[in-house]
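Residue numbers are given in the working numbering: position 28 of the sequence shown equals residue 9, and the series is strictly consecutive.
The C-beta atom is built at its ideal place from N, Cα and C for all residues, glycine as well.
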Amino acid sequence: MKQSIIQYIPSCLPCQQYNISRTKKPGRLQPIPPPEGPFQLIGMDYCGP
């Protein structure tokens, strides 16, 4: 049955028309303006819960 389904899906026109992407497309990077003075921009890396 699994093989039958695998063969059917590529030939099914509605399956192909409504097959939407499940992953988000990558966006463009946005530049960060340089800070005006000291401690205007602070970054932090963290790991874990």
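Alpha-carbon to alpha-carbon, residue 7 and residue -10: 27 Å
By the DSSP assignment, the alpha helix (DSSP H) with residue -15 in it spans what residues? Residue -15: member of the alpha helix (DSSP H) spanning -17 to -8, first to last residue.
Nearest-angstrom beta carbon gap, residue 22 and residue 16 [assumed within contact, 8 Å]: 4 Å between Cβ atoms; contact.
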